[in-house]
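Report on the structure given below.
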Amino acid sequence: MAVGKYMEDIFSVGQKNFKSRLIVGTGKYKNFEETANAVIASGADIVTVAVRRVNITDKKQPLLMDHLDPKKITYLPNTAGCFSSEDALRTLRLAREIGGWELVKLEVLGDKKTLYPNMIETIKSTEVLVKEGFKVMVYCTDDPILSKKLEDVGASAIMPLAAPIGSGLGIQNKINISLIKEQSSVPVIVDAGVGTASDATIAMEIGCDAVLVNTAIAESKNPVLMAESMKNAVKAGRQAFLAGRMKKRKYASASSPDENLI
Amino acid sequence: MNNLNVAKIQLNGNSYDISIKTSLYDLLNNLSIPDDKVAIELNGTIIEKSKYIKILLKKGDKVEVVHFIGGG
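Going down the list, the protein sequences come from chains A and B.
Counting in the working numbering, the first sequence runs from 1 upward without gaps.
Counting in the working numbering, the second sequence runs from 1001 upward without gaps.
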């Protein structure tokens, strides 16, 4: 069967195996019902989550865990909103205490307007977390040298941005992403900036191991439908990558044979 | 409640009254928060869940109770 190879295609990160190569964020949805429905439609095995204070005054406030069962779907605690190594470390240590999570996503931001990663703090934090036994998936710039450095200090996955978080601009530097993929022995996951299905497909066609999407799904007019679209886009891109695309030619090459023309 | 039996702590950034001899376990119970869905930081130190029952809060303690919410 044509899809045979794809069906055995397992995505491994931090010594855990997953079927889906689409990771989805759980922010920006209208409510937890919509979040849960979009996650189901996306087919994702991993969702990113944030760590925040419990609302003490409203005891009846719904909890994310009541809508997305962490036993059925892998929670990936994320340090979104952290602008220092100290805050990021504190957040992930707390996340681990909530329920024993070791697979985490680190992002240390450097600027409120662009939400670009502060790579100096990011590398420093990765080093500390790896020593503490975390499996760290790291949000980073699309710089091959810094990506290599992250791998050297023990990152479990390299997660270069396609474009700024929530911008929906798509992959701005395909060459850099493919350079990073070529040199890395850990998974490379395009994180941030995906705007629509074709962006996710391009990332997978380049050879990336997975794609992380949040805003493109949550801010679409129909998040559940867009979630399914992203699922298909990632799958299509992965299949095209595995199939191996044709070589590009400058001139035409007829599809029908020239022999026995009438 | 007699004032002598009440202590003020800082809970998630706000002033909060507890009765004396309240443990972290009691605090979560009073707030109807299941302990398997949160983590607690007491005066900057993360507390293991197994110690919630033993640790008693005292005046001026800074407590942070956190959980997972939707995020990117």
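We put the CB at the ideal spot given by N, CA and C, even for glycine.
So the alpha helix (DSSP H) residue i belongs to, where does it begin and stop?
{"i": "SER316(A)", "result": "No information on residue 316(A) is available, as it lies outside the stretch 1 to 262 that chain A covers here."}
{"i": "LYS174(A)", "result": "174-183"}
{"i": "LEU225(A)", "result": "223-243"}
{"i": "PRO144(A)", "result": "144-152"}
Could you tell me if residue i is buried or exposed, where buried requires 16 or more neighbouring beta carbons within 10 angstroms of its beta carbon?
{"i": "LYS235(A)", "result": "buried"}
{"i": "VAL1006(B)", "result": "exposed"}
{"i": "TYR6(A)", "result": "Confidence at TYR6(A) is low in this model, with a pLDDT of 47, below 50, so its placement is unreliable and the value that follows should be read with caution. Exposed, since its Cβ has fewer than 16 Cβ neighbours within 10 Å."}
{"i": "LYS112(A)", "result": "exposed"}
{"i": "ASN31(A)", "result": "exposed"}
{"i": "GLU151(A)", "result": "buried"}
{"i": "ASP258(A)", "result": "exposed"}
{"i": "MET246(A)", "result": "exposed"}
{"i": "THR35(A)", "result": "buried"}
{"i": "ALA200(A)", "result": "buried"}
{"i": "ALA197(A)", "result": "buried"}
{"i": "ILE262(A)", "result": "exposed"}
So what's residue i in DSSP terms, helix, strand or just coil?
{"i": "SER85(A)", "result": "helix"}
{"i": "LEU1028(B)", "result": "helix"}
{"i": "PHE18(A)", "result": "strand"}
{"i": "TYR6(A)", "result": "Confidence is the limiting factor: at TYR6(A) the pLDDT is only 47, short of 50, which leaves the residue's position unreliable and the question unanswerable from this model."}
{"i": "LYS1039(B)", "result": "The displayed chain sequence assigns Ala, not Lys, to residue 1039(B). If DSSP states are grouped into helix, strand and coil, ALA1039(B) belongs with the strands."}
{"i": "MET246(A)", "result": "coil"}
Residue j and residue i - do their beta-carbons sit closer together than 8 Å?
{"i": "VAL188(A)", "j": "ILE175(A)", "result": "no"}
{"i": "GLY263(A)", "j": "ALA163(A)", "result": "Shown here, chain A extends from 1 to 262; a query on residue 263(A) therefore has no answer."}
{"i": "LYS263(A)", "j": "LEU115(A)", "result": "Outside the shown range of chain A (1 to 262) lies residue 263(A), about which nothing can therefore be said."}
{"i": "VAL39(A)", "j": "VAL49(A)", "result": "no"}
{"i": "HIS1067(B)", "j": "ILE98(A)", "result": "yes"}
{"i": "ILE979(B)", "j": "LEU1056(B)", "result": "The first residue shown for chain B is 1001 and the last is 1072, placing residue 979(B) beyond what the model contains."}
{"i": "LEU169(A)", "j": "GLY207(A)", "result": "no"}
{"i": "GLU205(A)", "j": "GLY244(A)", "result": "no"}
{"i": "VAL153(A)", "j": "ILE171(A)", "result": "no"}
My guess is that residue i and residue j are in contact by the Cβ rule of under 8 Å, so how many angstroms apart are they, rounded?
{"i": "TYR1052(B)", "j": "SER1032(B)", "result": "That belief does not hold up - the Cβ atoms of TYR1052(B) and SER1032(B) are roughly 15 Å apart, past 8 Å."}
{"i": "ALA121(A)", "j": "VAL108(A)", "result": "Looking at the sequence provided, one finds Glu at residue 121(A) rather than Ala. About 4 Å separates the two Cβ atoms, so the contact holds."}
{"i": "ALA41(A)", "j": "LEU22(A)", "result": "Contact flag wrong, Cβ pair sits at about 11 Å."}
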